[in-house]
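S.K.: One structure follows; several queries about it will come next.
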Amino acid sequence: MQAREIHDPLEKLVDLLRRLPGIGERTAGRLALFFMRSPSDYPEQVARALLELRGTLRECRLCGNLSDSDLCPVCSDPRRDPTLLCIVTSVQDLMTIERSGAHRGRYFVLYGYIAPLEGKGPEDLDVSHLIEVVRTEGVKEVILATNPTVEGEATAGYLADRLRPEGVQISRIASGIQHGGEIEYSDPVSVARAIETRRTY
């Protein structure tokens, strides 16, 4: 069935906004009305920022974080500990951990997880690049900071099995984030506690 073409500008904006993660019909409507009633240059500023974002950001060649250069600010910061690598599922999780201030090493963004019921398997993860980073960057400890969910635990277990032959210490985030919760939606104090009280995995 072909999607209905929308001609009304307000209805079209609402339809586009409700496709964003976590945005429902009512929130999309409120946002659309906010844009309509905002100062004349604000929607243009947002549009320019979105175009600039799409035109300049790319994945960091080491960790996969989004950056406007070859290396992201974390990987290019000489004050970060390159021997400590925190593996996260998404850039949102990376940003949440950064806000906690608990991790002073580097990151590796998986951009996925193992979820057989969703058709997502180990082959969907770029583990070969992860292992290359571990080998070439002198990593000594890997923190598995996947979500404490069934999918997150399955992903952590698989990564641990693949990384053990590399001779690195493997840790798993501990208490602080409730089981079944997601890092992205956790408060900085809980995330900091989870990083600081990590356990050998």
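So in the numbering used here, spot 13 of the sequence shown is number 45, and the numbers just go up one at a time. Glycine residues also receive a C-beta, built at the ideal position from the N, C-alpha and C atoms.
(1) State the DSSP-derived secondary structure class of D109, mapped to helix, strand or coil.
(2) Could you check which residue in E173, T128, G144 has the C-alpha nearest to that of E216?
(3) With respect to the alpha helix (DSSP H) encompassing L176, which residues constitute its N-terminal and C-terminal limits?
(4) Measure the C-alpha to C-alpha separation of L162 and E228 and round it to an integer number of angstroms.
(5) Residues in its own chain within less than 8 Å of L103 by CB, not counting five upstream and five downstream?
(6) Quick one, are the C-beta atoms of E198 and V166 less than 8 Å apart?
(7) Only counting the same chain, and skipping five residues up and downstream in sequence, which positions put a Cβ closer than 8 Å to that of V120?
(8) Determine the extent of the alpha helix (DSSP H) in which I163 is found, giving its start and end residues.
(9) In terms of alpha-carbon separation, which member of V46, R51, G96 lies closest to S122?
(10) The beta strand (DSSP E) spanning S203 covers which residue range?
(11) Report the rounded CA-to-CA distance for L157 versus E164, giving the unit in angstroms.
(12) Rounded to whole angstroms, what is the Cα-Cα separation between L48 and L149?
(13) So, under 8 Å CB-CB, I107 and G137 are touching, yes? Tell me the CB distance rounded to an integer number of Å.
M.R.: From the atom records:
(1) Along the sequence shown, read from residue 1 onward, the residue named residue 109 stands at position 77. Look at D109 here: in three-state DSSP terms it is coil, with no helix or strand label.
(2) Translated into positions along the sequence shown, residue 216 becomes position 184. For the residues E173, T128, G144, the minimum Cα distance to E216 belongs to T128.
(3) Along the sequence shown, read from residue 1 onward, the residue named residue 176 stands at position 144. Per DSSP, L176 lies in no alpha helix (DSSP H) segment; the continuous beta strand (DSSP E) that holds it begins and ends at 173-176.
(4) Start at 1 with the first residue of the sequence shown, and residue 162 comes out as number 130. Start at 1 with the first residue of the sequence shown, and residue 228 comes out as number 196. Spanning the two alpha carbons is a distance of roughly 23 Å.
(5) Sequence index remark: in the sequence shown, residue 103 carries index 71 (1-based). Only C92, R93, L94 meet the Cβ criterion.
(6) Here the question's residue 198 lines up with position 166 in the sequence shown. Here the question's residue 166 lines up with position 134 in the sequence shown. Taking 8 Å as the Cβ cut-off, E198 and V166 qualify as a contacting pair.
(7) Sequence index remark: in the sequence shown, residue 120 carries index 88 (1-based). Excluding residues within five positions, the ones whose Cβ falls inside 8 Å are L126, I129, Y139, F140, V141, L142, A177, T178, I215.
(8) Reading the sequence shown from its first residue, position 131 is the one you call residue 163. For I163, the enclosing alpha helix (DSSP H) covers residues 159-168.
(9) Stepping through the sequence shown from its first residue, residue 122 is reached at position 90. Just measuring C-alpha positions, the residue of V46, R51, G96 sitting nearest S122 is G96.
(10) In the sequence shown, counting from the first residue as 1, residue 203 sits at position 171. Note, S203: beta strand (DSSP E), 201-204.
(11) By 1-based counting over the sequence shown, the position of residue 157 is 125. By 1-based counting over the sequence shown, the position of residue 164 is 132. Rounded to the nearest whole angstrom, the C-alpha separation of L157 and E164 is 14 Å.
(12) As a first step, residue 48 must be located in the sequence shown, where it is residue number 16. As a first step, residue 149 must be located in the sequence shown, where it is residue number 117. Those two C-alpha atoms are separated by around 28 Å.
(13) Position 75 of the sequence shown holds residue 107. Position 105 of the sequence shown holds residue 137. Per the sequence shown, the amino acid found at residue 107 is Cys instead of Ile. The Cβ separation is near 10 Å, so there is no contact.
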